[in-house]
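Asks:
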Amino acid sequence: MPLSGDYLPSTADWARTQAETFEASDGAEANDMRGKPIIVLTTVGAKTGALRKTALMRVEHGGDYVVVASKGGAHDEPKWAGNMRREPHVELQDGAEKHDYTARELAGDERSVWWERAVEAWPDYANYQTRTDRLIALFLLERR
Numbered sequence: 001m002p003l004s005g006d007y008l009p010s011t012a013d014w015a016r017t018q019a020e021t022f023e024a025s026d027g028a029e030a031n032d033m034r035g036k037p038i039i040v041l042t043t044v045g046a047k048t049g050a051l052r053k054t055a056l057m058r059v060e061h062g063g064d065y066v067v068v069a070s071k072g073g074a075h076d077e078p079k080w081a082g083n084m085r086r087e088p089h090v091e092l093q094d095g096a097e098k099h100d101y102t103a104r105e106l107a108g109d110e111r112s113v114w115w116e117r118a119v120e121a122w123p124d125y126a127n128y129q130t131r132t133d134r135l136i137a138l139f140l141l142e143r144r
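Residue numbering for the sequence shown follows the numbering used here, starting at 1 and increasing by one per position.
1) Considering only their Cβ atoms, is the gap separating L3 from V90 smaller than 9 angstroms?
2) Starting from V59, trace the beta strand (DSSP E) in both directions and tell me its first and last residue.
3) Determine which residues share a DSSP beta bridge with H99 and list them.
4) Measure the CB-CB distance between Q93 and F22 and report whether it falls below 9 angstroms.
5) Is Q18 near I38, with beta carbons less than 9 angstroms apart?
6) Would DSSP call T48 helix, strand or coil?
7) Compare the beta carbon distance of A28 and A96 with 9 angstroms and say whether it is the shorter of the two.
8) When you compare the stretch 68–86 with the stretch 106–113, are there three or more beta-carbon pairs, one atom per stretch, that lie closer than 8 angstroms?
9) Using only CA atoms, which one of M1, A46, R144 and L135 lies nearest to A69?
10) Under the DSSP definition of a beta bridge, which residues are partnered with K36?
11) What does DSSP give as the partner residue(s) for L138 in the beta ladder?
12) Could you work out which residue in S25, A137, T48 and L41 is closest to D6 when comparing CA atoms only?
13) Leaving out five residues before and five after S10 in sequence, what residues of the same chain have Cβ atoms less than 6 angstroms from its Cβ?
If you want it as C-alpha cells, here you go:
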C-alpha cells in the first residue's frame, strides 16, 4: 500500500529539484550524482507526518537496497534516518520502478557486508566515516 499524506519538499533547492525531476521523469532525468546512479527514498516525517523525498546513492545487491545515513560525515545524521526508525514503511524509486519497503537498521556482520557494498557503490562513504565519531547508520529496505 503506497504511502499517503501531503508532500513537504526539501528546503534545499538542489535536493528538491533532483528528487522531483527524477520522480516526474520516471528516473530518466536527474538520475545520477557525479556519474553514479541514485534512487529516491520517500519517508514519513517524524514530526510533520508529511511525505519527504530524498535522492540517495543507489546501493543495491540481488534486488535488495541499503540506504546510508551519511550526511557527508556530519556529526548529526540526516532527518530521514529518524523518520525511518519511527515509521519504517518507506517507498523507494529506482528508475521507473517504485515499491513499498520496510526499513530495518543493520548491525554486526550484516552491516559490515553492506558497508563494503555501499563503499563500492560510492567510495566517498569511507571518507565520510572518518569525519564523524558516530557509526554511520545503514538501513536495509525489504520489499513489502
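Each residue gets a CB set at the ideal place from its N, CA and C atoms; glycine is no exception.
All values derive from a computational prediction rather than experimental measurement.
Replies: Taking the definition as stated:
1) Here the question's residue 90 lines up with position 90 in the sequence shown. Here the question's residue 3 lines up with position 3 in the sequence shown. Cβ atoms of V90 and L3: closer than 9 angstroms.
2) Locating residue 59 in the sequence shown gives position 59, counting from the first residue. It is not in any beta strand (DSSP E) - V59 carries neither H nor E in the DSSP assignment.
3) Walking along the sequence shown from the start, residue 99 turns up at place 99. Beta-bridge pairing links H99 to L92.
4) Against the sequence shown, residue 93 aligns to sequence position 93. Against the sequence shown, residue 22 aligns to sequence position 22. A contact, by the Cβ cut-off of 9 angstroms.
5) The residue you call residue 18 lines up with position 18 of the sequence shown. The residue you call residue 38 lines up with position 38 of the sequence shown. Closer than 9 angstroms, so yes.
6) Here residue 48 is taken as the residue at index 48 of the sequence shown, counted from 1. If DSSP states are grouped into helix, strand and coil, T48 belongs with coil.
7) Numbered from 1 along the sequence shown, position 28 holds the residue referred to as residue 28. Numbered from 1 along the sequence shown, position 96 holds the residue referred to as residue 96. Yes, these two residues count as a Cβ contact at 9 angstroms.
8) Judged by pairs of C-beta atoms under 8 angstroms, the stretch 68–86 does not touch the stretch 106–113, as fewer than three such pairs exist.
9) Stepping through the sequence shown from its first residue, residue 69 is reached at position 69. It is L135.
10) For the purposes of this step, residue 36 is taken as residue 36 along the sequence shown, with counting starting at 1. Paired residues: M33.
11) Here residue 138 refers to the residue found at position 138 when the sequence shown is read from its first residue. Looking at the DSSP assignment, L138 forms a beta bridge with V68.
12) The residue labelled residue 6 in the question sits at position 6 within the sequence shown. That would be T48, whose Cα lies nearest to the Cα of D6.
13) Position 10 of the sequence shown holds residue 10. Only R16 meet the Cβ criterion.
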